[in-house]
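The structure under discussion appears below in the form of structure tokens.
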Amino acid sequence: MSLSQNTTLVISAISNILKFKRYRLWSSALLGVLVLVVRRWALSSKPLPDAFVRDVSKIARRVVKASGKEYDDDEFDVIIVGGGTAGCVLAARLSEDPSIRVLLLEAGQSLIDHPGTNIPAACGDLFFNNEHSYGLRTIEQKNAASRKMVWPRAKMLGGCTNINAMIFHSGHPTDYDEWASLQKNQDGASGWRYEEFRKYFRKFEKYTHSEQHGAEVDPSLRGSTGEVNVGHFAYHSVAGAAFVSACNNLGISKKQDLNTAAGTIGAAQVMTYVDSKGKRVTVDRAYFTPSVLARPNLKIATQSPATRVLFDGGSKAVGVEFLDKDGKRFRARARKEVVLSAGAIHTPHILLLSGVGPADHLASHGIPVVADLPGVGSYLKDHLSLDLFYKDKSKASLTYLSGKSLKDQLRIQMSLAQYLLFGTGPLTTNVGEATAFARTSDPKLFPPSEFPPESTPEDVTSGAGAPDLEIFASPLAWVDHGERPFPLTGDYFSMHAVALRPKSHGTITLKSADPLDAPVIDPNYLAEKHDIDILVRGVRLIQRISQMEPMKSLVDPSGEKVSILHHNIAKMSDAEIAEDVRRRVETLYHPCCSARMAPVEDGGVVDPFLRVHGIKNLRICDASIFPEIVSGHTAAPVLAVAEKGANIIKDALRVQ
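The sequence shown begins at 0 in numbering that gives the first Met the number 0 and counts up by one.
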């Protein structure tokens with residue numbers, strides 16, 4: 000690690016990323032001037048890779064009226080809109096073929112050298128930084144205490160891999176069999192079955208064995224030659240280890256690998272996107288290596304948000320209109336394909352702005368209809384999570400990372416030193432360190448004597464062995480997505496209930512025809528009682544885990560007197576817990592399904608080859624195409640979708 004990299008990391012840990020408040024000036028004054036000077040020198044002296052566009056006028060034409068005629072556009076074979084998780088994969092894979100000229104448009108910047116995207120625990124500020132986050136909120140959720148909820152979405156190259164919890168989880172095998180069945184025998188549907196689709200997980204994986212934590216992992220079941228490092232190199236806390244053991248003792252068997260054909264039911268220290276040097280693995284770092292960025296057929300335009308897809312006067316996509324960093328409009332032409340990879344919020348937003356979506360909704364905003372597709376933005380889904388907090392008797396929690404006191408500041412400095420010297424320690428935590436997947440119908444976990452069968456939530460899982468509930472544990476506690484420190488001093492850990500298969504779904508719609516206006520986000524949380532019932536059972540399961548050894552020994556009884564903590568949930572009725580769910584439930588940052596892969600009559604937007612129904616040369620490749628939400632975390636499925644999408648597009652271009 001170079002001096003300039005170390006200095007950049009110091010900036011992060013001292014003042015910018017870990018959100019020091021009271022002692023910010025005290026802790027940074029001695030180093031501040033030196034740090035800023037060295038950082039400025041390091042960033043200014045590093046040349047921009049060839050792939051990055053310095054002047055968008057070199058790859059596109061400004062939209063200017065000249066004698067009633069607009070200028071011609073510069074041409075690419077493929078234009079990819081959105082440089083997030085899927086977009087980076089597509090750009091790297093498609094440009095492997097030197098005959099395919101690729102342009103990637105990304106609304107944000109490249110933060111590849113930013114400390115917040117390097118140190119696993121240091122992404123907090125990026126959640127709410129207006130320059131690097133979209134600052135999205137839902138509309139009032141009438142079934143969730145009428146709250147307007149925060150929806151953090153990264154605005155940077157690499158997308159949410161820069162700010163997520165780095166949990167590598169591929170979902171349950173039957174999730175993908177369900178995806179295939181929802182295509183109703185359309186051509187290409189069988190390619191989404193797990194037995195076919197699983198190879199794309201292995202394609203992106205580069206599993207590295209860890210002697211300490213990976214002893215039981217079978218390397219033959221993991222990918223070894225991919226671009227994305229996965230393994231067990233993140234921090235493993237006392238609370239995480241105790242959680243897995245308590246789950247095992249309760250009846251949720253311990254597993255080392257939750258990403259095989261055997262399924263996901265079980266408890267484990269999670270496999271993460273943290274490499275052997277303790278560094279966050281982001282998709283832009285993984286795929287945009289120096290050799291990739293040196294390809295003459297790849298161009299990347301950052302700070303270039305797309306405003307709409309361009310058509311030929313009919314229903315054939317021919318290019319993209321976008322803005323430069325100064326807000327000037329430009330157009331670039333796509334000879335063969337336009338691919339939307341802007342994510343579950345912005346992909347449907349761009350489609351609607353382009354005239355693709357429900358005709359009546361488009362007409363209400365004065366947008367000419369290119370294709371009447373009612374499914375655009377109509378099946379938005381997300382995972383819901385409820386946080387429960389406990390006082391930690393072991394005093395081994397990481398709550399000190401909020402930096403509330405001088406003592407916390409000193410502990411942070413010690414953790415920073417460990418990280419800079421060895422790439423280990425608390426700053427490599429992925430936050431959600433251990434997890435358990437279960438079914439709410441499991442009689443071992445929910446005995447019929449205590450949980451009457453008639454109260455069991457409807458089974459809406461993808462298969463008999465698939466989970467509908469996740470409980471994960473963290474060695475710290477937070478409120479408001481970590482935007483402000485936990486209000487109590489001392490040591491705390493948390494457990495979280497996640498409804499994996501919500502029945503409720505919502506919409507993405509237009510606020511106006513102005514592309515600078517954020518879309519209207521309505522996830523319609525808790526519209527279905529089923530989702531509340533799942534979370535109520537999740538709370539009950541957390542209560543049982545907290546009373547099972549060795550977790551029980553971590554719970555400090557003095558926490559029973561503190562109202563914000565959850566030591567007393569056994570005393571709450573189901574109705575009281577349900578009310579608490581409505582009052583406090585939050586997103587787990589997994590929006591998807593808003594431009595789903597399905598037949599048109601079922602609200603579908605794309606076919607099994609990711610082609611937008613009724614439109615030529617336009618595809619979608621990101622979480623918005625999920626036919627149904629997966630029963631797990633979404634980063635790995637998006638990576639696999641992008642790997643498959645790249646193959647689909649390459650095959651299509653070969654026959655043109």
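Each residue gets a CB set at the ideal place from its N, CA and C atoms; glycine is no exception.
The beta strand (DSSP E) with D521 in it runs from where to where? V519 to D521
Neighbourhood of V637 by C-beta, 8 Å cutoff - its chain only, sequence neighbours within 5 removed: T84, A85, D621 and A622
Drop a sphere of 10 angstroms on the beta-carbon of R653, count the other beta-carbons inside from all chains shown, and report buried for 16 or more, exposed for fewer. exposed
On a Cα-Cα basis, can you pick out the residue from L415, L110, G123 and G134 that is closest to L515? G134
Q182: buried (16+ other C-beta within 10 angstroms of its C-beta) or exposed? buried
I need the DSSP call for N142, collapsed to helix, strand or coil. coil
Measuring straight from C-alpha to C-alpha, what distance separates V37 and I99? Residue confidence for V37 is low, a pLDDT of 37 falling below 50, so the modelled location carries little weight; the figure read from the coordinates is stated next. Computed Cα separation, rounded: 40 Å.
From A59, I78 and F608, residue whose alpha carbon lies closest to that of S338: Note on residue identity: the sequence assigns Val, not Ser, to residue 338. The shortest C-alpha separation from V338 is found at I78.
In this structure, does DSSP put D532 in helix, strand or coil? helix
In the structure shown, what three-state DSSP assignment does T246 receive? It should be pointed out that residue 246 corresponds to Cys in this sequence rather than to Thr. The answer is helix: DSSP assigns C246 an H, G or I state.
Whole beta strand (DSSP E) elements within the segment 288-340, 3-residue minimum: Within the segment 288-340, the complete beta strand (DSSP E) segments of 3 residues or longer fall at 297-300, 305-310, 316-322 and 328-339, listed in chain order.
Just tell me which of D530, P549, F436 and I568 has its CA closest to the CA of N258. F436
Contacting residues, own chain, Cβ-Cβ under 6 Å from G505 (five flanking each side not counted): L379, D521, P522 and N523
Taking V229 and Y272 to be in contact with their CB atoms under 8 Å, please state how far apart those CB atoms are, rounded to whole angstroms. Contact holds; Cβ gap of about 6 Å.
D73 by DSSP, collapsed to three states: which one? strand
In chain order, what residues of the same chain have a beta carbon less than 6 Å from the beta carbon of C122, not counting five sequence neighbours either side? G115 and I162
Would you say A639 and F196 are within 9 Å of each other, going by their C-beta atoms? yes
For V580 and L534, believed in contact at Cβ under 8 Å, the rounded distance: 5 Å
M413: first and last residue of the uninterrupted alpha helix (DSSP H) it sits in: Per DSSP, the continuous alpha helix (DSSP H) segment holding M413 begins and ends at L405 to F421.
Quick check: what's the CA-CA separation for E578 versus I563? 15 Å
On the DSSP bridge list, what partners appear for K278? Paired residue(s): none; K278 is not in a bridge.
Tell me whether D650 is buried or exposed, calling it buried when 16 or more other Cβ atoms sit within 10 Å of its Cβ. exposed
Do you know whose CA, among S56, I299 and L397, lies nearest S414's CA? L397
Three-state secondary structure (DSSP) at A120? coil
From G342, H612 and S461, pick the residue whose C-alpha is nearest to that of C670; which is it? Residue 670 is absent from the model: the chain starts at 0 and stops at 655.
On the three-pair Cβ rule with 8 Å, is the segment 265-280 touching the segment 411-431? Cβ pair count under 8 Å is three or more, so yes.
Can you tell me whether G158 is helix, strand or coil according to DSSP? Note: G158 maps to helix in three-state DSSP.
Where G157 and G82 are concerned, what is the direct C-alpha to C-alpha distance, given to the nearest angstrom? Just so you know, the alpha carbons of G157 and G82 end up roughly 6 Å apart.
Would you be able to state if there are at least three C-beta pairs under 8 Å between the segment 197-216 and the segment 444-462? no
Pull up the DSSP beta-bridge partners for C591, would you. K380
What's the call for Q542, buried or exposed, on a 16-neighbour Cβ count within 10 Å? Buried is the call here.
Report back the beta-carbon spacing between S545 and K551 to the nearest angstrom; my notes put them in contact at under 8 Å. 7 Å
Does the segment 497-513 come close enough to the segment 375-389 that 3 or more CB-CB pairs lie under 8 Å? yes
Does the beta-carbon of A238 have 16 or more other beta-carbons within 10 angstroms, so that it is buried, or is it exposed? buried
Near A179, which residues of its chain fall below 7 Å by C-beta distance, leaving aside the five closest residues on each side in sequence? A188, S189, W191 and R192
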